[in-house]
Structures are given as C-alpha cells and as structure tokens.
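Heads up: the protein sequence lines correspond to chains A and B, in order.
The working numbering runs 22 ahead of the 1-based position in the first sequence.
The working numbering runs 40 ahead of the 1-based position in the second sequence.
Single-structure report; data block below.
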Amino acid sequence: MKATQLADLLSKGDRVAVSNITGRESSMVTIVSHRYCGNIVGGWALGKGGQTIEYEPGKTIPVFATFDELLKSLPAKKHPNKVIVYSPPEAVYGEVKEVVSFGKKHIKTIFIITEHVAIEVTAKIASLAREAGIDVIGCNTLGMINTYDGVRVGAVGGDNPGESFKKGSAAIISNSGNMVTTMATYLMSAGIGTSFGLSTGKDALILTPLKDLLALADKDRHTRIIVLYIEPGGLYEKEAVDLLKRAKNAKPVIVYVAGKILETQNVSLGHAGAVVEGAFTTASAKMQLFDDYFGVEAFDPQKRYEHTPKLRQALLRGIRIQTLHTLPQAASLVYRVCEWERDFSPHETLQLNPWFVNLGELGKKLPAPLILTPGKIAEPYATQFASLAERKLGKMATQRSMRNASYASGNDGQAASIYGYAVADLMQRGNFAEALILQWLGELPQHAFEARLVEMCLIASLSNGPGTISAQAAKLSASAGNSPHTGMIAALASVGDVHGGNGREAIEYLLKVFGSTDLVDPYNPKASSVNLESLVLQEAEAFKTRKAIAQESGTGYIKIPCLGHPVFKDKDVNFDPREEAIYAYLQEQGLYNIFLDFYRRLAQTMKHIGATSKVLAVNVDAAIACIWLGICWKLLKDRRITLKRAIDIPLVAFALGRAAGAAGEFLDHHDHGTDMDMRVPAAECEILTKPRDLAPAGKKAGRSRV
Amino acid sequence: MQQITELTFLTQLAKRSKLPTPEYAVTPLDRKALKGLLDTWQKAVVKPDILAGKKGKAGLVKVVDDPARALQEINRLLNADFGGKIPRTVYLTRYIPAELEIYTAITYNSSFLGPSLTLSLKGGMDIETVEDTYKRTIPVDVYKGLDAYQASQILSDLQCPKKIVSAFSRCLVNFWDFFITSGMRMCEINPWRVTPAGEFYVCDFKAVPDESNFKAGNLAITFPEYPETITPFEEEMKELAASSYQGQLHISDLHGDLILPILFGGGASTIITETLCTCGGSPIFLSDFGGNPTYERMRQATAVCFKHHLKKAALLLILGGKANNTLIDVTFQAIGDALTHYVEEHGPVFLPVVIGRGGPRLAKGLMIMKEIMETLKLPYVIFGYDTPVTLVAEYAARLAKAFAPMRKP
Numbered sequence: 023m024k025a026t027q028l029a030d031l032l033s034k035g036d037r038v039a040v041s042n043i044t045g046r047e048s049s050m051v052t053i054v055s056h057r058y059c060g061n062i063v064g065g066w067a068l069g070k071g072g073q074t075i076e077y078e079p080g081k082t083i084p085v086f087a088t089f090d091e092l093l094k095s096l097p098a099k100k101h102p103n104k105v106i107v108y109s110p111p112e113a114v115y116g117e118v119k120e121v122v123s124f125g126k127k128h129i130k131t132i133f134i135i136t137e138h139v140a141i142e143v144t145a146k147i148a149s150l151a152r153e154a155g156i157d158v159i160g161c162n163t164l165g166m167i168n169t170y171d172g173v174r175v176g177a178v179g180g181d182n183p184g185e186s187f188k189k190g191s192a193a194i195i196s197n198s199g200n201m202v203t204t205m206a207t208y209l210m211s212a213g214i215g216t217s218f219g220l221s222t223g224k225d226a227l228i229l230t231p232l233k234d235l236l237a238l239a240d241k242d243r244h245t246r247i248i249v250l251y252i253e254p255g256g257l258y259e260k261e262a263v264d265l266l267k268r269a270k271n272a273k274p275v276i277v278y279v280a281g282k283i284l285e286t287q288n289v290s291l292g293h294a295g296a297v298v299e300g301a302f303t304t305a306s307a308k309m310q311l312f313d314d315y316f317g318v319e320a321f322d323p324q325k326r327y328e329h330t331p332k333l334r335q336a337l338l339r340g341i342r343i344q345t346l347h348t349l350p351q352a353a354s355l356v357y358r359v360c361e362w363e364r365d366f367s368p369h370e371t372l373q374l375n376p377w378f379v380n381l382g383e384l385g386k387k388l389p390a391p392l393i394l395t396p397g398k399i400a401e402p403y404a405t406q407f408a409s410l411a412e413r414k415l416g417k418m419a420t421q422r423s424m425r426n427a428s429y430a431s432g433n434d435g436q437a438a439s440i441y442g443y444a445v446a447d448l449m450q451r452g453n454f455a456e457a458l459i460l461q462w463l464g465e466l467p468q469h470a471f472e473a474r475l476v477e478m479c480l481i482a483s484l485s486n487g488p489g490t491i492s493a494q495a496a497k498l499s500a501s502a503g504n505s506p507h508t509g510m511i512a513a514l515a516s517v518g519d520v521h522g523g524n525g526r527e528a529i530e531y532l533l534k535v536f537g538s539t540d541l542v543d544p545y546n547p548k549a550s551s552v553n554l555e556s557l558v559l560q561e562a563e564a565f566k567t568r569k570a571i572a573q574e575s576g577t578g579y580i581k582i583p584c585l586g587h588p589v590f591k592d593k594d595v596n597f598d599p600r601e602e603a604i605y606a607y608l609q610e611q612g613l614y615n616i617f618l619d620f621y622r623r624l625a626q627t628m629k630h631i632g633a634t635s636k637v638l639a640v641n642v643d644a645a646i647a648c649i650w651l652g653i654c655w656k657l658l659k660d661r662r663i664t665l666k667r668a669i670d671i672p673l674v675a676f677a678l679g680r681a682a683g684a685a686g687e688f689l690d691h692h693d694h695g696t697d698m699d700m701r702v703p704a705a706e707c708e709i710l711t712k713p714r715d716l717a718p719a720g721k722k723a724g725r726s727r728v
Numbered sequence: 041m042q043q044i045t046e047l048t049f050l051t052q053l054a055k056r057s058k059l060p061t062p063e064y065a066v067t068p069l070d071r072k073a074l075k076g077l078l079d080t081w082q083k084a085v086v087k088p089d090i091l092a093g094k095k096g097k098a099g100l101v102k103v104v105d106d107p108a109r110a111l112q113e114i115n116r117l118l119n120a121d122f123g124g125k126i127p128r129t130v131y132l133t134r135y136i137p138a139e140l141e142i143y144t145a146i147t148y149n150s151s152f153l154g155p156s157l158t159l160s161l162k163g164g165m166d167i168e169t170v171e172d173t174y175k176r177t178i179p180v181d182v183y184k185g186l187d188a189y190q191a192s193q194i195l196s197d198l199q200c201p202k203k204i205v206s207a208f209s210r211c212l213v214n215f216w217d218f219f220i221t222s223g224m225r226m227c228e229i230n231p232w233r234v235t236p237a238g239e240f241y242v243c244d245f246k247a248v249p250d251e252s253n254f255k256a257g258n259l260a261i262t263f264p265e266y267p268e269t270i271t272p273f274e275e276e277m278k279e280l281a282a283s284s285y286q287g288q289l290h291i292s293d294l295h296g297d298l299i300l301p302i303l304f305g306g307g308a309s310t311i312i313t314e315t316l317c318t319c320g321g322s323p324i325f326l327s328d329f330g331g332n333p334t335y336e337r338m339r340q341a342t343a344v345c346f347k348h349h350l351k352k353a354a355l356l357l358i359l360g361g362k363a364n365n366t367l368i369d370v371t372f373q374a375i376g377d378a379l380t381h382y383v384e385e386h387g388p389v390f391l392p393v394v395i396g397r398g399g400p401r402l403a404k405g406l407m408i409m410k411e412i413m414e415t416l417k418l419p420y421v422i423f424g425y426d427t428p429v430t431l432v433a434e435y436a437a438r439l440a441k442a443f444a445p446m447r448k449p
C-alpha cells in the first residue's frame, strides 16, 4: 500500500473527482458530500461535458466529458488527488485505466463504489493500480469518513453524516457499508465516537486487505480501538490475525462475524464475496481465529467480568461480540478495564424504543411483554412527524424518475388504457365526463351525478362572450392567420391566476376552512358534525376585520377568492348565471354540496354583517372548484390523491372547457373575419413616452427633445 | 451461484475448451446400448449429475464392466439421495486407466488479489486434506496469463514424472485459456487421469461462472434444473434481479414458515436473518433489497414476495439499518403500494407488521407506512434507527411465534 496511515486515504484538503457524476446515485451523493465537506473539485461523464451539478442555489460543480479534460480544465491547485468511481460495471475498467494513465502523478486513492464488477476486471485493476502506486478501496465500497477532519467520500453517513459520526476513538472497518454507519450509531450510546469509518466492500476480491487497514489504523493517533464487521469468504482475516499476532502492542479489536448461517442453510448472502471457499473462510473459522488471538471467549452481556490482569491483557487484544447490539457493552468493558476515558457522555442505552404502535384488537390477545408502548422519538424526527401528522388530507407522494412510466395511461401494444381501464371499454360507456374524472383522479366517479356536474362545469367554461381575455386571444390568433389549434393555445396562454385560475385559490381556501373539520361526505349535510353556520360567520367576521384594518392603514387585504364578478356586480344580490344553473340543478335533483352552500351563505353573511355593501356573486370559478372538491374529497380523505392535484384540478377543468370554447371563437372569426382585423389602428393608440433622439454610432446619446 | 457440473461441461463446453475429455453417454440407455458402449470402452464409470459439494462426487461413482452391473448402478444412483441432493440424471464416461491422478484448480485468490493456480499430484482427493508438501498455489498474472514455462516449474517443483511435464504444461495452459476466456470465477479439475501412455483426461470438472463477467454470459450455457435447487419464487426473483443493476434484489429461500422478511443491506440482512433463525422466527427467505432500488423495482420485487409467501406468513418484517443512500420514502411507498395492490387483488390480509429503519427521508417513509397500515387495518409496530436491528428481529420473532397459532387456515 502507498498509504502509511488511515488519514492518507482521506483527510482534509483532499480534492475528489467523481466519475459518472451525473448518474442517479452519484449526483445525489455528490451534492450531500459537497455540502458536508466541500471536497469535490469536479466530475466527468461521457457525453455530459459542460453540464454542472448544482449543490446549492447558484453554486455548481463542473462536469467534464473525460478525466483527461477535467485535468486540463481545472487549475493545478484543484487537481484531484482522490477519485471516486460510480460508473456502470462494464465501464469501470476503462475509467480506472484513464485515471491511471492521465492522473498517475496526482491520484493517491481510488474508491470504486460500483457493484457487480467482474472479478477478472477487479484483478486487472489491482494489478494496474499496484504498478501505478495507487491505493484502491473496493470494488463495491460505500466509501469512507474521517470524522476529525469532517470529510467523507461516498455515502458513508447517508444524508446526515454528523448524526452518526462524532469525533472519537474507534476506527470502524466493515465489509458492509450499512454497518459502518449502524455501528457508529451504536457506539455513541456507550460514549464512544469514531475516528474513521471505512467500508471495504465485500466482493470476491477486496483490493485493500484487512491486514493493511489494521496496520494503517494502528498508526492513527486518534484511534484507540478498531471495530470490525466481517463476513465469510477470503483469507483476509487469517492474514490480519497473523499480522496482529506478530505486532507489538496492536490496538484492541472488537469484531462481529456474521454469516454462520451459510454453514447450516443452503443460502447465498447479499454480498458477492460472502462465499465459503476453503479453510479459514467460514464464519466459524473466522470466529475461532479471533477468539484464539484474543484469548478470551466471545462477549457475554450476562457475565460479570472480574477486572483481572489476565482479562486486561486479553481485552488489550480485543474481544468478539456475538450479537451486534452488545457492541456498546463490549466496548464499555474494554474502556473500563483499560481505564480509558470515554469520548463523551454515553447516550441512552440501546433498547426497544418503538416510535409508533398500533396493535389494535391483536393487542388484547398477545402476552403482556409483546405489547409495547410508543417511546421517545429522537429529534429532528419528532418535529418532522408532528408536522406531517397535522396533515389530515391528501396522499404523501414520493418523487422518483417517471421517465417512460405512467400511472395515468398505458399502451401494451394492443390497446390503450387509462388508469388500467381500456379506452375502448370507456368509449363503449360513452360518457366523456366519467372518463375525464378517471383520467384526472385515477378513479371512476363514485356517484352518477358527479359526471353530470362535471359536464355542466365544462359547458359553463366554454364561453363568457367575445370580450373575455381568452376569447380575444383566440380571435387575435385567427386574425393573424394562425391554425385553429394555435388559436386554442393562445386562449390557454391567456388563462391565468385572475382569469380562470382563481379556482385554485378557491380550493386552497376551502381546504383551509374544511381541512381541520371531520367532514366525511360533502354531499350529505348530516353526515358530519360540521357547524356550517359557525364556519361561515367566522370567515365573514375575519374578512370584515381584515378589510377594516386595511382601510384604516390604506393597505391591501386578502379577499375571499372567487367571490364577485366583473360583469355580475351591480345588483343588491348578485349571481353568476352559470353558478346559478349548477345550484339550480342540485336543488332540482335533491342534491347537496357543502362547499357551494358555504360559498353562498358566506356571500349573504358578508353583506349581513356589513363586510360588503352587496351580496357578491359566487362566480363560476368558485362553482367549478366546489364541484371538483366534492368529487375529490373522499379521495383526499383516503389519501389516494395529493392535495396538489386537488388544487390544480379547477384550473385544468376551466382551461379544458375554455380551450374548446376558444376553438369555436377561432372558427367563427376565421369564417367571417378579415386578416389583421384585430389590429388596433395607430390613431386609437395613445403614446405615453415622449420621442427621443438616438445619437449616431460612436457619439454620446443626445438628450431627449423636450 | 450457478455451478457447472461435469456433465454440463461435457455437453456444452468441452468442445470449445481444448481440454481432453473421455467419451460419455447420458441415460436413459437400454441394455443393448450399454453393451455396445462397454464392448468399445471395456470399462465405464457410472456417475450422477449432481450439484456436488466440497468433496465432489467422491464415493458416488462406480466403475462397471458389464451391462447388468451398469444398469444396476444407474438405477441405484437415479433413486439415491445424497444428503438432500438428488441426481438430475446419470451418465457414463469411458474408464481411463491411470498411473497418476492430478488435482488442478484456477480461482481468484484473496491473498494475491488475482488469479491463482493450485496443483497437486494427489488428485481425486479433497484438496484441503492434502498436506501442504504435496500441493502448490502460484499467482497468475491476469494480463499475461499462465505460460507453459511457469506451469512446468510448478510441476517440477512437485516432482512430477519428467515424461509428462511438457505435455501436461500445455494442458495447463489450455486450462487457463478456458478459464479466462469463459469468464469463470473458479474452475476445478479433480482429477486429471494420466494414462500409462502419457495421455491426459479431464475426469471430473466443476466450475462457477462469474455472473458479472460478460464472457460467462456469452457462453449462453443452459443450466439444467436440479431437483430442489431453485424454487419458483427464487426463479422469478432472479429474473427480476437480472433485469437491472439499480439496487440489490437478492433473495435466497430458507423454507421457513413464520416471518416474511423484506430486509435492506448486505450486512444487515445477514445478521437479521441469523437473529431470526436463532430466535425461532423461521424466516421464509433471506433478502437484501439495499442499494437504493428504484420505486418500480422495489414494488415489483415485493409484489413477487407477497404473491408467493404473504398468505402463509405470520408476520411481515420490513427492516434495515441506518441507510446511507437508500431513500426510505421511495422504498416504503413501493412496499406499501405492493401490499395495497395485493389486498385489492386477493382480499384483506391480517398479520402483524414490524418495521424498523433509519436513513434519508425517514420521517416521510415511516409516515407513509403508518398510513398504509392504518388503511389496511394491519397491526403494526414501527421502530426508528435508534433501536438496533437485532433487537427488532428478536422482538419480531417472539411476536410471530405468538401470532402463529391465531392465523386463519
């Protein structure tokens, strides 16, 4: 090995370059690592040169096409001395060859994260790196962390390395990446922190053998004990124990050997190299090797250890643990017997600490010791849960790559489908509104009248006369000689927050009002204990207060969305006829919608308490929002759709209807209008800016003519 | 790991290997056919096609010289059970008279961090029982390969009869060529039989291909199905695992009957499974779904697990250590969706669910699971990263044992 101490593998000031930096895994880990310690100087990915990885708003890591280009482009002081390889298995050999051939002078260590690298390739990398004097960790390592220097490579410590790794005296070397972090967390409960955490990987060939790593840890000034997680396969432990036996004053080792199951069951373990292939490679043989070296039996948490010189001598060599969660106790024993100070005050003892329990009826049938009660949730998780628990409605969606994937539609080469239903079957049923509800919400309507109401909303959205902004946009487009679909696009482009988009705000408002109630069925006024009258009064009073404060201070105030209309506004009691039609239909059919009832009552009450001078019209946007929220409510309660989706739907519902209406406006204009007839004559346009002279090129701009 | 047996080698690989092999015939063979073979060969070796353990087929093979005896041996082997392993078929090879047997193996060696050749003139024996004086292991340069000079040195060192050194060195070079060009992880010939005339024959063969090496894939070997070697569940998961490298999808059937374990992390899955076994949790299989699998991959994998095993399980265990890069919300949403889908398809299920995890986006992930458990009305206990996985596994084993008698048939 080139390194002579663990810090040579990773320390502060190291400059790390990342191969295949734009990959799913690597970009994510790179961002966290760079935020944690800022040691990434750049990366490369074939065909991606010129891109960047944004790790904080406005701050980026450069991406080059090749490693050679990275070296040529970065200033000398930023030349990497460490490389981390995230390339796919078939590309790993090529990447390492390029690093060795161009970066031999600079690169000291290569960390290969990639899994499933062929053993032949791993052997070739070992040979190549040996010749070039470069140390290789991996393949299939998770990386490494140097706690004292606060730096890491790879994903050790996950998205919050500081949570698991506190400065301390244990060096963790593990065949499993996950166990590095897990064991560091366990040790903290004994008041023992970490100096280094290193994942060796557990492929058939581990390119930095345990004996070499132990020698490096022995020379590290912060490290007092070495904690090992070991699996079957390979002679690494045999060689390591031989080394320990020869060494004088080697540091104590606490070891956990997993994988004895291979000896009793015909199974294969998760790591490719965890395979029994001869003497000293089984878990039992490795346990025996360590036990023989330590001179003390494996740690027994029930046993009372007498502090004898013999025990001290043994523990100075180390001890094996049989169960992972006894690691803190075993480590405590070593520190106690050796009379060493802990690194910090011990955290809480490791024990069963359930965060959530609901055994329901089963709880009544189980023996008492099995019935657990919720324990203390650690921060910041307690706060995060509290915030998530406040949300009573809507599904918590997880984000992931949806490239080439869709819940909304499918086509198996034979037939198209919408949320699993064949389009042909939906066509047979012949109800567009029903199919639309399915397409937008993923479920067919729960009540037949919902489809009818959606149709009414679509019709209501078609047109409100040629003077509306969206109709004007369609007419402008026709006048300019565009195609019909461009006219529709022009109309859609003119739909905005104050024209057609106000329904989103209405939904947000309704969710705020009803979100904390126990409303189950918005179509049944008696099915919940919602006191509508009180809600209405509360909202009306709140509005009145807001308005009064604003009038006094001369500032603006938050209005109730979708109350009032620029056309339907002059009577004492105003109605939007489209909303009226929907309301009338509900009345005729003996149907009810609590949201629409709320809006209507609110308009009345606002006038009644003097918050408004007239009864404002509940406009069509409000009606559309109320109808769609009625349809969405059960799905929100059952957490089958997200709140975001419910909020967006009134806008898309209006836009769909209006796009169809705009097509009508376009076709009409196209048939009867003349080219450019929408152009406003120059004489009708008012010039608000006075003319100014533009100076000839090269001379200073003149002053404007007054 | 797949294993290439002698019969698979003889039928599919021997011709491309330049390794001298005896003639062979595969059963069923009638008395007339056997007579014809024995008339030509004089003697034959009757062998079972079986996934051999460390000791190879030692003790299982029989030399025969008449058709009646041959038939008797064939029938015996076809109906035999060798420590739970049942022969797939029985075959015969021509008997090679020998004055010397040689052991050879090429494998990747953790001490040399590269390939190595092991050779012993005490062939036909378990190599681990052969004293060090009689065997040699030498490193082979992965770039340069094994040359005849290097091979002859090791033979001379073992005091191999001089008359065969040169010819056998060439055999060893061919052996290396086969190993490296076929992308093997390990190849063992035990024994080579050396005839009095100085001819060499591969008289037993075992190899393990490196599934990550494209050369092994290019061989397009059809691996025969051995009785009870792979369950339909393992088969389906294997197919799914091979479809992508994004995240681990490793399972191994344990034939337990209590706990259905969805486990994360190579190390964690091992120690959790061992804890479950020790505590009587009887895990149905061993699983490792770490390495940040995508939503789709995780959902498909758990759907396969549920399809095969949920009905009989007494507890669903979803457990891993503190993840470094696996997104908890994505993987848990995928598991929850697979479970919901299962219930939609097969009707309600009732069994306790124990969950334990740590890592990125933990709160959202656990909340997703909690909500799904509430919706499906499943009893649950959820642990965070501060409870050790081994303690959770112990608890899960106790809970599964308590619930097992309450299961509906």
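Here a beta-carbon is modelled for each residue, glycine too, at the ideal position from N, C-alpha and C.
Every value quoted in this text rests on a predicted model; they were computed, and no experiment measured them.
Looking at A212/A, Y545/A, D314/A and L498/A, the one whose alpha-carbon comes closest to that of E363/A is A212/A. The beta-carbon of Q287/A is placed less than 8 Å from the nearest beta-carbon of chain B. Using a Cβ-Cβ cut-off of 8 Å, E265/B does not count as an interface residue toward chain A, since no Cβ of chain A sits closer than that to its own. Judged by their CB atoms, A65/B and Y131/B are nearer to each other than the 8 Å cut-off. Rounded to whole angstroms, the separation of the alpha carbons of A704/A and L710/A is 13 Å.
Residue pairing by DSSP puts E141/B in a beta bridge opposite K162/B and R233/B. Against chain A, the beta carbon of K404/B has neighbours under 9 Å at Q406, L410, M418 and T420, listed in chain order.
Only those residues of the stretch 170–203 of chain B whose C-beta falls short of 9 Å from the nearest C-beta of chain A are listed: D181, V182 and Y183.
Per DSSP, reduced to three states, the secondary structure at H692/A is helical. Residues of the stretch 347–365 of chain B whose Cβ lies closer than 8 Å to any Cβ of chain A, in chain order: G360, G361, K362, A363, N364 and N365. Secondary structure at K410/B: helix, using DSSP grouped into helix, strand and coil. Residue environment analysis places S123/A among the exposed positions, since fewer than 16 neighbouring C-beta atoms fall within 10 angstroms of its C-beta.
DSSP places A65/B within a strand segment (E or B) once states are collapsed to three. Distance from the CA of S505/A to the CA of I83/A, rounded to the nearest whole angstrom, comes to 45 Å.
Among the CB atoms of chain A, one or more fall inside 8 Å of the CB of E168/B.
Taking a C-beta cut-off of 7 Å against chain B, none of the residues of the stretch 544–564 of chain A qualify. For K414/A, no CB of chain B lies under 8 Å from its own CB, so it is not counted at the interface with that chain. Here the C-alpha atom of L557/A lies approximately 14 Å from the C-alpha atom of I582/A. About 4 Å separates the beta carbon of K404/B from that of D369/B, a gap short enough to meet the 8 Å contact definition.
V143/A and S252/B have their C-alpha atoms some 10 Å from each other. Using a Cβ distance threshold of 8 Å, Q373/B and Y335/B count as a contacting pair. For W377/A, the three-state secondary structure derived from DSSP is strand.
Going by DSSP, W650/A is part of the alpha helix (DSSP H) stretching over V642 to K659. For V421/B, the nearest beta carbon of chain A is closer than 8 Å to its own beta carbon. Contacts with chain B at 8 Å (Cβ-Cβ) include F378/A. The beta carbon of S48/A is closer than 7 Å to those of V40, N42 and Y108 in its chain, skipping five residues each way along the sequence.
Between C345/B and chain A, the shortest Cβ-Cβ separation is not below 8 Å. Around the beta carbon of K24/A, fewer than 16 other beta carbons lie within 10 angstroms, which makes this residue exposed. The residue from S354/A, M210/A and Y605/A with its alpha-carbon nearest to that of D426/B is M210/A.
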